[in-house]
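This report refers to the structure that appears directly beneath it.
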Amino acid sequence: MQLEDLTYLLQHPQDITVDQTSALATLIAQYPYFQPARSLYLKGLKNKESFKYNQELKTTAAYTTDRSILFDFITSETFNQNEISQLIKQNSEHIKAIIVNEANDISVNKSVMIDEALKQHIQNSEGVLDPYLFEEKVKTEDVAQFIADINEAPKLPLIDIDTENIQQTPEEQLNIGKPLEFKKSETHSFTEWLQITSFKPIHRDEDEKNESSEEKIGASIDKKFELIDKFLDANPKIVKKKKKPKQNIILCHILIRPHPPPAPRRLRRRAPPPAARAPPPSRRARPA
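For the sequence shown, this note's numbering gives the first residue as 12, with consecutive numbering after it.
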């Protein structure tokens with residue numbers, strides 16, 4: 012969107028078009044904190060009666076520093092001027108559709124001449140205006156048969172419809188998908204609406220399913236306990252068998268196992284006594 016178009020829309024917001032509304036959406040995506048553009052975008056959605064208006068109003072309130080200014084804007088005559096112009100157009104079209112007869116001259120001489128001419132014209136056309144002149148002759152037998160068929164046909168009961176007390180659907184009563192209307196005397200409703208729209212819907216289906224499943228599990232457990240009680244009442248107690256003493260299998264295995272033969276001893280060779288050893292060689296003195 013060019014600067015000239017944006018400046019013109021800021022001065023004349025009631026002249027916004029569908030193409031300019033789309034261009035403002037692109038501008039807001041680039042500059043999300045541009046509050047005048049968001050206000051003009053709201054005006055464009057209101058003119059189209061778009062379902063996006065309510066969500067965009069909440070988003071604009073989140074980006075606005077002073078919500079009282081936003082509230083004054085959406086309740087101003089400039090913001091609602093499109094609806095006023097539409098009502099004016101509808102009334103003007105309704106007025107144009109009314110048939111207005113031309114004014115007749117009520118002078119005495121002219122009225123007398125018209126009356127004489129009408130009388131002469133009526134006298135000349137009496138034969139042509141006879142209503143029975145061009146009608147087909149109907150046989151009396153056909154008429155009698157037709158009346159008999161009507162009398163013999165079963166009569167359907169008449170249903171009275173109370174048009175004043177027709178109930179509207181919840182969607183029609185709540186105006187779902189249409190822009191919400193605010194008045195200047197309802198300053199609290201705007202802030203409350205912003206709080207209510209942030210709430211999440213309550214899902215009760217899962218809670219009901221969980222409760223029903225828990226009830227089924229509890230009922231099945233009770234039935235099992237009842238069967239166990241009946242079994243214990245009908246059958247005698249089970250007598251425990253005496254336990255036999257366990258034989259020490261390991262000890263018996265040790266007693267029965269044969270001992271291995273002793274290992275043969277190895278004889279060590281003894282060293283000879285010191286006397287039996289050969290004397291060391293004597294050293295002779297060398298001549299001087």
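Note that CB positions come from ideal geometry on N, CA and C, so glycine has one too.
As the structure is a prediction and not an experimental result, all values here were calculated from the model.
Proximity below 8 Å, CB of residue i to CB of residue j
i	j	result
Lys54	Pro24	yes
Lys46	Thr75	It should be pointed out that residue 46 corresponds to Gln in this sequence rather than to Lys. Yes; because the gap between Cβ atoms is below 8 Å, this pair is in contact.
Leu68	Tyr52	no
Lys63	Val29	no
Phe84	Ser61	no
Gln31	Leu20	yes
Ala72	Leu81	yes
Range covered by the alpha helix (DSSP H) that runs through residue i
i	result
Gln46	Gln46 to Lys59
Ala34	Val29 to Gln41
Gln22	Leu14 to Gln22
C-beta neighbour in chain C for residue i, strict 8 Å
i	result
Gln66	Here chain C cannot be found, since the structure has a single protein chain.
Next on the checklist: Ignoring anything shorter than 3 residues, give me the beta strand (DSSP E) runs that lie fully in the stretch 65-90, in order along the chain.
Outcome noted: none
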